[in-house]
Amino acid sequence: MRPGTPRAAPAIGGRERLSDWIDRHSAQVFIWPAVIMILVFSIFPLVASLIMALSRIRFRGGTYNVRFVWFQNFEKQLFGSEQFHFLGTFSGLGLLGWAVGLAVTLLIAWLAISYLRGPVTAVGLVGRLFTWGLSLGLGWLFAATLFSGHSFGTLGTTLFYVFVGCGLQFVIGLALAFLCSLPIRGRTFFRVVFFIPLMITPIGVGYAFRMMADTTKGPFSPVWQWAGLGDFAWAADAWAARFFIVIGDSWQWIPFIFVVMLAALESVPRDYVEAAQVDGATSWEIFKDITWPQVVPVAATVLLIRVIEAFKIVDLPNIMTAGGPGIATESMTLHALFAWRSLDLGQSAAVAYLLLFVTVVTCVSFFNLVVLRRVRA
Amino acid sequence: MNRSAMQWLFEPPSIRDMAPGTKLIVYAILTFWTAFVLFPIYWVLITSFKSAIDVNSGPVYLPFVDFQPSLHAWKELFVFDFWDTLRAYMNSLIIALSATAASVIIGSMASYALARFEYQPRFGVVFMFVLVMIGAFVAVGRYGVDWRLSCAVGVAIFYFLARALGRHFRARLSNGDILFWMISQRILAPIVVVVPIYMMFQQVSLLDTHIAIILTYTVINLPIVIWLMYDFFTSIPIDLEECAQLDGATRFGVFWDIVLPLSRSGLAATTLLVMILSWNEYLLALFLSTSRAQTMPILVAAMNAGERGILWWSMSVVIIVMIIPVVILAVILQRYISKGLLLGAVKG
Numbered sequence: 003m004r005p006g007t008p009r010a011a012p013a014i015g016g017r018e019r020l021s022d023w024i025d026r027h028s029a030q031v032f033i034w035p036a037v038i039m040i041l042v043f044s045i046f047p048l049v050a051s052l053i054m055a056l057s058r059i060r061f062r063g064g065t066y067n068v069r070f071v072w073f074q075n076f077e078k079q080l081f082g083s084e085q086f087h088f089l090g091t092f093s094g095l096g097l098l099g100w101a102v103g104l105a106v107t108l109l110i111a112w113l114a115i116s117y118l119r120g121p122v123t124a125v126g127l128v129g130r131l132f133t134w135g136l137s138l139g140l141g142w143l144f145a146a147t148l149f150s151g152h153s154f155g156t157l158g159t160t161l162f163y164v165f166v167g168c169g170l171q172f173v174i175g176l177a178l179a180f181l182c183s184l185p186i187r188g189r190t191f192f193r194v195v196f197f198i199p200l201m202i203t204p205i206g207v208g209y210a211f212r213m214m215a216d217t218t219k220g221p222f223s224p225v226w227q228w229a230g231l232g233d234f235a236w237a238a239d240a241w242a243a244r245f246f247i248v249i250g251d252s253w254q255w256i257p258f259i260f261v262v263m264l265a266a267l268e269s270v271p272r273d274y275v276e277a278a279q280v281d282g283a284t285s286w287e288i289f290k291d292i293t294w295p296q297v298v299p300v301a302a303t304v305l306l307i308r309v310i311e312a313f314k315i316v317d318l319p320n321i322m323t324a325g326g327p328g329i330a331t332e333s334m335t336l337h338a339l340f341a342w343r344s345l346d347l348g349q350s351a352a353v354a355y356l357l358l359f360v361t362v363v364t365c366v367s368f369f370n371l372v373v374l375r376r377v378r379a
Numbered sequence: 009m010n011r012s013a014m015q016w017l018f019e020p021p022s023i024r025d026m027a028p029g030t031k032l033i034v035y036a037i038l039t040f041w042t043a044f045v046l047f048p049i050y051w052v053l054i055t056s057f058k059s060a061i062d063v064n065s066g067p068v069y070l071p072f073v074d075f076q077p078s079l080h081a082w083k084e085l086f087v088f089d090f091w092d093t094l095r096a097y098m099n100s101l102i103i104a105l106s107a108t109a110a111s112v113i114i115g116s117m118a119s120y121a122l123a124r125f126e127y128q129p130r131f132g133v134v135f136m137f138v139l140v141m142i143g144a145f146v147a148v149g150r151y152g153v154d155w156r157l158s159c160a161v162g163v164a165i166f167y168f169l170a171r172a173l174g175r176h177f178r179a180r181l182s183n184g185d186i187l188f189w190m191i192s193q194r195i196l197a198p199i200v201v202v203v204p205i206y207m208m209f210q211q212v213s214l215l216d217t218h219i220a221i222i223l224t225y226t227v228i229n230l231p232i233v234i235w236l237m238y239d240f241f242t243s244i245p246i247d248l249e250e251c252a253q254l255d256g257a258t259r260f261g262v263f264w265d266i267v268l269p270l271s272r273s274g275l276a277a278t279t280l281l282v283m284i285l286s287w288n289e290y291l292l293a294l295f296l297s298t299s300r301a302q303t304m305p306i307l308v309a310a311m312n313a314g315e316r317g318i319l320w321w322s323m324s325v326v327i328i329v330m331i332i333p334v335v336i337l338a339v340i341l342q343r344y345i346s347k348g349l350l351l352g353a354v355k356g
């Protein structure tokens with residue numbers, strides 16, 4: 003409690019009333035429901051799931067037996083027979099692969115050296131080691147798969163959805179919000195219309211976009227026929243299918259970024275902007291030097307929320323392509339879901355844990371290195 | 009084009025006005041995006057009135073011109089399958105509304121507490137708790153101890169350890185740590201926790217009930233509520249609350265009568281977001297409900313798993329019907345939302 007906050011004195015003589023007791027312990031009463039719920043529903047399952055990830059679970063006629071196998075499940079995903087599924091196929095680096103890999107290594111080495119020159123704290127160093135390690139690993143993963151002409155697995159696909167999807171959504175959402183913050187007629191109309199996709203269930207979005215993209219029965223089929231692509235099936239081409247899912251996801255989530263950024267842009271004081279206009283600044287200069295610095299904190303937060311949610315993507319790939327062709331559009335959540343369906347609980351939990359690791363490192367790095375350092379400093 | 013025409017097109021006549029050329033470009037982009045947003049919705053809407061032949065024989069665009077709209081899909085869902093549809097719809101409504109209410113109330117209480125009180129849990133005690141919990145888990149999973157016994161013994165051991173050894177730990181956590189811990193729970197992908205949650209509800213035989221799904225949704229949305237509401241609460245001047253307390257209001261009275269009304273724009277936006285997330289949730293419902301507590305997203309997915317292939321027309325009906333509650337809520341809350349979505353920038 004802050005100093006100076008009066009506390010209700012315990013009743014003298016006789017029993018204290020319940021409401022007084024609650025009031026005296028309000029600091030506990032307010033927070034414990036949330037703490038208990040999070041402990042029961044997040045921390046217990048998290049530990050249980052870790053134990054599952056470290057065991058092999060076999061079902062035999064109604065019962066199951068659990069055998070502790072340490073890291074075998076993770077080994078199988080990272081180095082063993084499931085490697086192609088999770089990481090992708092490797093067979094030697096191409097020229098471009100080497101170039102990209104070395105570029106990533108140099109970039110991280112440069113970041114590391116410039117950090118180590120400044121003041122170093124133990125926590126900061128450990129956190130950064132995770133960030134650098136993961137970025138290095140992912141850099142070489144893409145160097146060895148995508149840039150060497152091999153296909154990547156569900157990890158790469160998930161990262162594709164997260165980075166390409168969120169980047170696209172952020173840029174378009176911000177641009178639309180900026181246009182709607184201009185003094186034009188019909189702003190309210192556009193604002194309402196642009197918000198609609200957020201309200202549609204993701205499963206619905208999945209089916210709607212499947213209809214849209216159908217080259218024989220969909221609304222654009224005359225266009226496809228005319229372009230000579232009548233037999234082309236989106237769902238049968240890896241990259242087309244991936245982009246197709248990103249488009250569906252963006253259609254749904256651009257409104258979220260749009261609404262938040264519009265609120266932020268409108269909260270920028272008009273005086274600043276008008277003063278700059280009087281001084282003869284161009285619109286671009288006004289946006290870059292006045293508006294943008296004011297909305298950066300909101301932008302970072304909304305992007306972080308979006309990235310966190312994007313890592314969990316499952317319904318769109320499940321509905322639109324069922325992970326196909328092959329495993330090209332399978333996200334990590336879908337990978338774990340399929341493993342669970344085939345009753346391989348250990349593998350499922352291992353994939354889920356790997357997803358958790360990547361998500362935590364990415365989001366915490368983003369939060370500490372971008373949101374806290376650059377924005378709120 | 010000569011210079012004066014360019015000037016007329018792209019140079020603003022006054023600082024409050026835009027040049028006609030710029031305006032044209034802006035309107036073109038906005039109109040294009042309107043079409044991009046509305047066309048899929050339009051297509052879903054007309055598909056719901058199409059017969060199977062109209063869908064399968066290639067695209068038809070305009071009702072009454074290209075094809076004769078029929079109500080067969082609507083009839084099928086609301087006359088023949090009326091009870092199934094109604095049940096799933098009511099399930100979804102009950103679950104989404106209860107979960108939204110619960111997580112907004114519990115979440116804003118917690119984030120208000122973090123904004124106003126100071127907590128200093130000892131680091132060692134937290135560490136002991138985790139150790140005891142892992143021990144309890146190993147006892148259940150490895151040695152087949154009954155989970156109730158294991159929980160009770162674990163709680164008892166933790167209580168005595170904390171009483172006996174708690175004083176010796178110096179390092180303490182702060183409010184910021186608790187806040188970060190709570191918010192970071194959102195990072196947890198549902199797939200990581202869903203199987204243990206499934207087993208947990210199986211143990212207490214609550215599988216396929218409303219209460220199981222409501223509890224789960226409440227927890228997964230708590231972090232978002234805490235995150236969004238924290239900044240609103242810290243921005244409310246503390247003097248106001250102190251005045252009320254001097255006048256004899258209880259803490260809960262202050263929270264209910266002063267703090268919540270002052271942060272209603274934030275509450276409105278948070279409520280809408282949480283409602284959308286729990287109304288549309290798919291993965292957890294897939295695990296936790298089989299028939300009785302089935303929600304709409306599961307109904308949609310199940311409808312197409314049958315042998316008849318994808319029933320585009322029925323599904324379109326469901327998609328349209330599913331938008332309605334969210335739209336109603338959005339309309340009710342709309343005048344608060346634009347202010348409420350500032351996400352931590354309220355402090356300026």
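Protein chains in written order, with the numbering used here: chain A, 3 to 379; chain B, 9 to 356.
Cβ coordinates follow ideal geometry from the N, Cα and C atoms, glycine included.
Spatial neighbours of residue i within its chain, please: C-beta separation below 8 angstroms, excluding the five flanking residues on both sides.
| i | result |
| --- | --- |
| G356(B) | Below a pLDDT of 50, predicted positions are generally treated as unreliable, and G356(B), at 34, falls in that range; no measurement from the model is reported. |
| A309(B) | Y290 and L294 |
| I336(B) | none |
| V79(B) | Here the sequence assigns Leu to residue 79(B), which means Val is not the residue at that position. Contacts found: F57. |
I need the boundaries of the beta strand (DSSP E) containing residue i, first residue and last residue.
| i | result |
| --- | --- |
| N67(A) | T65 to F70 |
| F191(A) | Element bounds for F191(A): not the beta strand (DSSP E) but the alpha helix (DSSP H), R189 to F197. |
| F61(A) | S57 to R62 |
Could you give the residue range of the alpha helix (DSSP H) that holds residue i?
| i | result |
| --- | --- |
| S213(B) | No alpha helix (DSSP H) holds S213(B); DSSP gives it neither H nor E. |
| N183(B) | N183 to S192 |
| P245(B) | Note, P245(B): premise wrong, no alpha helix (DSSP H); not H, not E. |
| S116(A) | L97 to R119 |
| N64(B) | A60 to N64 |
| F32(A) | S28 to I40 |
| T42(B) | P28 to T55 |
| V280(A) | R272 to V280 |
| A293(B) | L291 to L296 |
| Q227(A) | S223 to W228 |
| V300(A) | W294 to A312 |
Between residue i and residue j, which are expected to be in contact by the criterion C-beta below 8 angstroms, what is the C-beta distance as a whole number of angstroms?
| i | j | result |
| --- | --- | --- |
| T55(B) | M213(A) | 7 angstroms |
| L376(B) | V195(A) | The question about residue 376(B) has no answer here: the residues shown for chain B are numbered 9 through 356. |
| L267(A) | V297(A) | 6 angstroms |
| I222(B) | A110(B) | 7 angstroms |
| A243(A) | A330(A) | 6 angstroms |
| V5(B) | M39(A) | The structure shown has nothing for residue 5(B), since chain B only spans 9 to 356. |
| I259(A) | Q171(A) | 6 angstroms |
| M389(A) | A338(B) | Chain A is shown only over 3 to 379; residue 389(A) falls outside these bounds and no answer can be derived. |
| N312(B) | M323(B) | 7 angstroms |
| H218(B) | N99(B) | 7 angstroms |
| F73(A) | L89(A) | Not a contact, Cβ separation roughly 16 angstroms. |
Residues in the same chain with beta-carbon distance under 7 angstroms from residue i, minus the five sequence neighbours each way, listed in chain order, please.
| i | result |
| --- | --- |
| F399(A) | Since the first and last residues shown for chain A are 3 and 379, residue 399(A) lies out of range. |
| N67(A) | R60 |
Closer than 6 angstroms by C-beta to residue i: which residues in its own chain qualify, once you throw out the five before and the five after it? Chain order, please.
| i | result |
| --- | --- |
| V161(B) | none |
| P199(A) | W253, Q254 and P257 |
| L281(B) | none |
| L236(B) | T278 |
| A147(B) | V153 and S158 |
Spell out the partners DSSP gives residue i in its beta bridges.
| i | result |
| --- | --- |
| F154(A) | G90(A) |
| R180(B) | R130(B) |
| P257(A) | DSSP, once it has assigned bridges, lists no residue as partnering P257(A). |
| P71(B) | F75(B) |
May I ask you to check if the CB of residue i is nearer than 6 angstroms to at least one heavy atom of the ligand NAP?
| i | result |
| --- | --- |
| F144(A) | Among the components of this structure there are no ligands whatsoever, and the ligand NAP is therefore not found. |
Quiz item: Does the region 69-83 of chain B touch the region 234-252 of chain B, meaning 3 or more C-beta pairs lie closer than 8 angstroms?
Solution: No: fewer than three Cβ pairs fall under 8 angstroms.
Quiz item: Within the chosen definition, does the region 44-52 of chain A reach the region 193-207 of chain B through at least 3 CB pairs nearer than 8 angstroms?
Solution: Under the three-pair Cβ rule at 8 angstroms, the region 44-52 of chain A counts as touching the region 193-207 of chain B.
Practice problem: Could you tell me whether the region 349-356 of chain A touches the region 114-121 of chain A, using the rule of 3 or more Cβ pairs below 8 angstroms? | Solution: Judged by Cβ distances under 8 angstroms, the region 349-356 of chain A makes no contact with the region 114-121 of chain A, as fewer than three pairs qualify.
Practice problem: Specify whether the region 172-180 of chain B and the region 122-137 of chain B touch according to this definition: at least 3 beta carbon pairs, one from each stretch, less than 8 angstroms apart. | Solution: Result yes; three or more Cβ-Cβ pairs closer than 8 angstroms.
Quiz item: Does the count of Cβ pairs from the region 145-154 of chain A and the region 98-114 of chain A closer than 8 angstroms reach three?
Solution: With a cut-off of 8 angstroms, the region 98-114 of chain A and the region 145-154 of chain A count as touching, because enough Cβ pairs lie within range.
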